[in-house]
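Peer 1: This is the structure I want to talk about, given as structure tokens.
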Amino acid sequence: MAFRLWQSLALAGFAAVAVAQTTATTTAATATGTQSVFDLLIPAYYGPTIQASVVSANPTVTTFFIPCPTDVEANLCSAGYNLIHGPSTVEVHITLEASGDLEKTAQDIACQLNAGDALCTFTYAIGSLSTAGVSTLEQYTSFLEPVTITAGLEKLATKTNGVPRQTQNAMLAGVAVAAVGGVMFM
């Protein structure tokens, strides 16, 4: 089920953080162009083939766009959302518009990343109901999922901080190695 993480966190009134930690950036030429696979922690959904693109990158922050997975009903997913990353912070803003019996849902998360834990403030709203709070996500790196970057890799070429790096799990997916530097991403 593609929304396992989203549903469990929503029921608890908490939205997860989006952070990635990796060890070596890699790229590979494929029939669809250059792709990189990174292990990332992503709120809202997971799946066997998560894809993202780099919207913008500079030495202090990188913005990624995560589209809705194709195997999820349109009314259960927005058109996608941006994940904003720096070396020690992450922000996520997600809105699902009202559809059928579902009310408008909004989720905002801002996290301070520490040595293995993330201290996050969040708001979560469904219709006129909302909750807000602060929570610590311990050992956030244990929740990483493989994500394929399908566009915007050239924007990472000048970055030195905040660039996602690939983990050994992604390397085992059959991707050729090409180091690019940086650390942090959701």
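Mind the numbering: the sequence shown is residues -20 to -1, 1 to 166 in mature numbering (1 follows the signal peptide of the UniProt record, and there is no 0), read in order. Quick reminder that beta carbons are idealized off the backbone N, C-alpha and C, glycines included.
Which first and last residues belong to the beta strand (DSSP E) in which D97 is found?
Peer 2: Reading the sequence shown from its first residue, position 117 is the one you call residue 97. From DSSP, D97 is part of no beta strand (DSSP E); its letter is neither H nor E.
Peer 1: When we look at the beta-carbon of L136 and count the other beta-carbons within 10 Å, is it buried (16 or more) or exposed?
Peer 2: Along the sequence shown, read from residue 1 onward, the residue named residue 136 stands at position 156. Result: buried.
Peer 1: Per DSSP, what kind of secondary structure is S108 in: helix, strand or coil?
Peer 2: Working through the sequence shown from its first residue, we reach residue 108 at position 128. Coil, per DSSP.
Peer 1: Between T116 and the rest of its own chain, which residues show a CB-CB distance below 6 Å, the 5 nearest in sequence each way excluded?
Peer 2: On the sequence shown, residue 116 is found 136 positions in, with the first residue counted as 1. Cβ neighbours of T116 within its own chain (closer than 6 Å, five residues either side excluded): D97 and L99.
Peer 1: Let me make sure I understand the geometry here. Which of P67, G66 and V52 has the alpha-carbon closest to that of G60?
Peer 2: Along the sequence shown, read from residue 1 onward, the residue named residue 60 stands at position 80. Selection P67, G66 and V52 evaluated against G60 yields V52 as nearest (Cα-Cα).
Peer 1: Measure the beta-carbon distance from L133 to S16 and round it to whole angstroms, keeping in mind my assumption that it falls under 8 Å.
Peer 2: As a position in the sequence shown, residue 133 is number 153, starting the count at 1. As a position in the sequence shown, residue 16 is number 36, starting the count at 1. That pair is a contact at about 6 Å.
Peer 1: Indicate the three-state DSSP secondary structure (helix, strand or coil) for E134 in the structure shown.
Peer 2: Here residue 134 is taken as the residue at index 154 of the sequence shown, counted from 1. The answer is helix: DSSP assigns E134 an H, G or I state.
Peer 1: Do I74 and V41 have their beta-carbon atoms positioned less than 8 Å apart in this structure?
Peer 2: Position 61 of the sequence shown holds residue 41. Position 94 of the sequence shown holds residue 74. Going by C-beta atoms, V41 is not nearer than 8 Å to I74.
Peer 1: If you run the structure through DSSP and keep just helix, strand and coil, what is T40?
Peer 2: Residue 40 sits at position 60 when you count from the first residue of the sequence shown. Three-state DSSP puts T40 in coil, outside helix and strand.
Peer 1: Taking all protein chains shown into account, decide if A112 is buried (16 or more other Cβ within 10 angstroms of its Cβ) or exposed.
Peer 2: By one-based count along the sequence shown, residue 112 stands at place 132. Classification of A112: exposed, given that the 10 Å Cβ count is below 16.
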